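Okay, structure first, notes after.
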Amino acid sequence: MLRVFLDANVIFSATHKENHRFMQFWRMRDLVPITSNYVVDEVQRNCVGDSQLARVALLLQQTHFVSDIPGAFLPRGVVLPAKDAPILAAAVFAAHFLITGDKHHFGKWMQVPIKTHLGEILIQEPSPFLTEHRDRLRQATYSRSISPVITCARKRYSPSFVVRVKLRKNPPLSTP
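In structure tokens:
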């Protein structure tokens with residue numbers, strides 16, 4: 329399973345209009361979209377209208393959550409502004425990739441593997457990531473036949489509280 333931490337700008341863009349390309353993060357097989365409450369707060373502050381808030385809520389039902397991690401827990405040598413440090417800190421504890429469109433603050437670290445206590449994390453922009461991993465897209469018929477099941481667990485290797493969303497095939501509807 330590929331664990332991908334999504335920054336606020338990715339979630340916001342995915343919900344800005346229906347059928348945005350970034351919705352693919354929730355349609356890929358063997359990919360777990362992850363975020364934190366810190367990120368969700370930023371998304372909700374920037375939402376315009378009830379329809380966008382509703383789309384955010386639907387996506388978050390299919391997203392794993394990790395605890396907010398203080399920015400002081402960044403990997404060695406990585407310096408970020410105070411508002412962005414908690415995003416990378418949370419991603420480091422939970423993901424293989426941090427997906428963000430914020431080239432201004434994260435640009436220096438994009439496409440550069442960053443060593444972490446769990447291995448490495450790579451920061452990428454959304455479009456190149458989606459292009460690189462397009463083979464993971466589920467077939468449309470399969471993606472319609474799954475439903476989210478939410479469970480909670482505490483991982484031993486990190487102080488994160490993780491909410492997992494497992495996808496389970498719905499039983500086929502019986503025909504009369």
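Taking this note's numbering, the leading residue of the sequence shown gets 329, the next gets one more, and so forth.
Every residue gets a Cβ at the ideal spot worked out from N, C-alpha and C, and that includes glycine.
As the structure is a prediction and not an experimental result, all values here were calculated from the model.
State the DSSP-derived secondary structure class of Lys483, mapped to helix, strand or coil.
One-based indexing of the sequence shown puts residue 483 at position 155. Residue placement at Lys483 is poorly supported in this model, since its pLDDT is 34, which falls under 50; the coordinates are not used for a value here.
As a quick exercise: from Val394, Gly435 and Val407, pick the residue whose alpha carbon is nearest that of Thr421.
Within the sequence shown, residue 421 is the residue found at index 93, counting from 1. The question names Thr, yet the displayed sequence has Phe at residue 421. Here the closest residue by C-alpha is Val394.
Would you kindly work out how many angstroms separate the C-alpha atoms of Leu446 and Pro403, rounded to a whole number?
The residue given as residue 446 occupies position 118 in the sequence shown. The residue given as residue 403 occupies position 75 in the sequence shown. Each residue's Cα considered, the two are about 11 Å apart.
Check whether Met329 and Asp369 have beta carbons under 8 Å apart:
The sequence position of residue 329 within the sequence shown is 1, counting from 1. The sequence position of residue 369 within the sequence shown is 41, counting from 1. Contact: no.
Check whether the stretch 382 to 398 touches the stretch 428 to 437, taking contact to mean three or more Cβ pairs, one atom from each stretch, closer than 8 Å.
Counting Cβ pairs under 8 Å, fewer than three are found: no touch.
For Arg383, count the other beta carbons within 10 Å of its own beta carbon; 16 or more makes it buried, fewer makes it exposed. Which is it?
Counting from one through the sequence shown, the residue named residue 383 turns up at place 55. Buried, by the Cβ-count rule.
Using only the alpha-carbon positions, how far apart do His348 and Gln372 sit?
Stepping through the sequence shown from its first residue, residue 348 is reached at position 20. Stepping through the sequence shown from its first residue, residue 372 is reached at position 44. Each residue's alpha carbon lies about 18 Å from the other.
Can you tell me which of the three DSSP states Pro456 falls into?
The residue labelled residue 456 in the question sits at position 128 within the sequence shown. Residue state, collapsed to three classes: helix.
Environment of Asp463 [buried if 16+ CB atoms lie within 10 Å]:
Counted from its first residue, the sequence shown places residue 463 at position 135. Asp463 sits exposed, since fewer than 16 C-beta atoms from the chains shown fall within 10 Å of its C-beta.
Using DSSP bridges, identify the partner residues of Ser364.
Here residue 364 is taken as the residue at index 36 of the sequence shown, counted from 1. According to DSSP, which records beta bridges pairwise, Ser364 is partnered with Val394.
Going along the chain, which residues of its own chain have a beta-carbon closer than 6 Å to the beta-carbon of Ser486, five neighbours each way excluded?
Position 158 of the sequence shown, counted from the first residue, corresponds to residue 486. In this prediction, Ser486 has a pLDDT of 34, which is less than 50 and means its spatial position is unreliable; what the coordinates show is noted afterwards. So the list reads Phe421, once near-sequence residues are dropped.
Beta strand (DSSP E) segment containing Thr428, residue limits:
In the sequence shown, counting from the first residue as 1, residue 428 sits at position 100. Element bounds for Thr428: n/a, residue is neither H nor E.
Could you give the DSSP three-state label for Gly399: helix, strand or coil?
On the sequence shown, position 71 is the one that residue 399 refers to. The answer is helix: DSSP assigns Gly399 an H, G or I state.
Could you tell me the alpha carbon to alpha carbon distance between Ile451 and Glu346, rounded to whole angstroms?
Reading the sequence shown from its first residue, position 123 is the one you call residue 451. Reading the sequence shown from its first residue, position 18 is the one you call residue 346. If I take the Cα positions, the gap works out to 26 Å.
I want to see whether chain B comes within less than 8 Å of Pro456, judged by CB atoms only; does it?
The structure shown contains no chain B, having only a single protein chain.
Going by alpha carbons, who is nearest to Val332 out of Thr343, Arg355 and His344?
Reading the sequence shown from its first residue, position 4 is the one you call residue 332. With distances taken between Cα atoms, Val332 lies closest to Arg355.
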